[in-house]
Amino acid sequence: MKICRRPGRRSVFHCFMKVPGKIKKIIGTRTYTENTVGKSGARVLCFDDMVLKIGAGEEEAVMMEWLSGRLPVPEILACEREEGASYLLMSKVKGDMLCAETYLCRPALLTELLAEGLKLLWSVDPSGCPCAHATNQKLKLAESRVENGLCDREGVRAPDRLLAWLKTHQPAERPVFTHGDCCLPNLFTDGKKITGFLDLGACGIADPYQDLALAYRSLRDNLRGKYGGIPQPGADPERLFKKLDIVPDRKRLRYYMLLDELL
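For the sequence shown, position 226 matches number 271 in our numbering, and the numbering has no gaps at all.
So this is what it looks like as structure tokens:
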């Protein structure tokens, strides 16, 4: 999923919106800011100590509950569905996104923190994981999106041709636990360690290059200033592989980046 990597505009509102009763009792009439980072389609309302995500898929709550005690993830405060819409109220993760200017201006620290995040994800024992996102499943989703004209044609001129190529060049997989959308805004830090993972709807068992490809692309593009940040001309995103002690498979990196263009 292609996601904006820079913090969006935030405005303060009073919470008079219509939400399920259980959630309304918790949030009352507190003020919130609406975070517009990302293109997930969900509304993200940030209160002082909690976050309400409207439109989150059911898998996100399932994975958040399963990951509790395994990774630093938000605590579920309430999860409701009403009139076809889902509402996920969660605790607020401490720290800042990895794409915060504080870390973009310190590429070495940023790269080290991102590598730590990847290691944490891949260290999770996938036994009993309730969700799987193998490449075959992602290709089926991509096919559905192509057939229904849901792909961004600005990024992909011929989605049908790309889909055909992806089907015939599918690499072998090594199943591990993955985030699924491991980009800088989805990892939080206090500057010393990873304090939280967000947007967990794509988490599950998949190939590690699913995470590595998107993490590398996000790091590279942010350091280039693609999303409005200050370019860091001396920064080398290739350091990520050194921190992970990985000799990257460029074909697999490219494959998962291209697959993401259709999701």
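We treat Cβ as the ideally placed atom computed from N, Cα and C, and that holds for glycine.
To the nearest angstrom, how far is it from the Cα of residue i to the Cα of residue j?
| i | j | result |
| --- | --- | --- |
| V171 | A251 | The sequence shown places Pro at residue 171, not Val. Computed Cα separation, rounded: 10 Å. |
| I239 | L304 | 27 Å |
| P276 | G270 | 4 Å |
| L116 | V169 | 8 Å |
| H178 | F222 | 10 Å |
| N193 | V118 | 34 Å |
| G236 | R206 | 43 Å |
| A123 | G102 | 14 Å |
| Y254 | G225 | 10 Å |
| R284 | L308 | 27 Å |
Taking DSSP as the reference, what is the three-state secondary structure of residue i?
| i | result |
| --- | --- |
| E128 | coil |
| D141 | strand |
| Y77 | strand |
| M62 | coil |
| F286 | helix |
Can residue i and residue j be called in contact, C-beta distance under 7 Å?
| i | j | result |
| --- | --- | --- |
| L298 | A280 | no |
| E105 | L90 | no |
| V107 | P175 | yes |
| D317 | L163 | Since the first residue of the chain shown is 46 and the last is 308, residue 317 is not available in this structure. |
| L259 | L143 | no |
Run the CB neighbour count on residue i, radius 10 Å, all protein chains shown included, and call it buried at 16 or more, exposed below.
| i | result |
| --- | --- |
| T156 | buried |
| R126 | exposed |
| W111 | buried |
| C248 | buried |
| D244 | buried |
| K98 | buried |
| P282 | buried |
| K183 | buried |
Shortest alpha-carbon distance to residue i belongs to which of the options?
| i | options | result |
| --- | --- | --- |
| L165 | N80, M62, F242 | F242 |
| K212 | C227, N181, E283, I68 | N181 |
| K287 | L186, A160, P216, L195 | A160 |
| L149 | V292, V138, G274, D93 | G274 |
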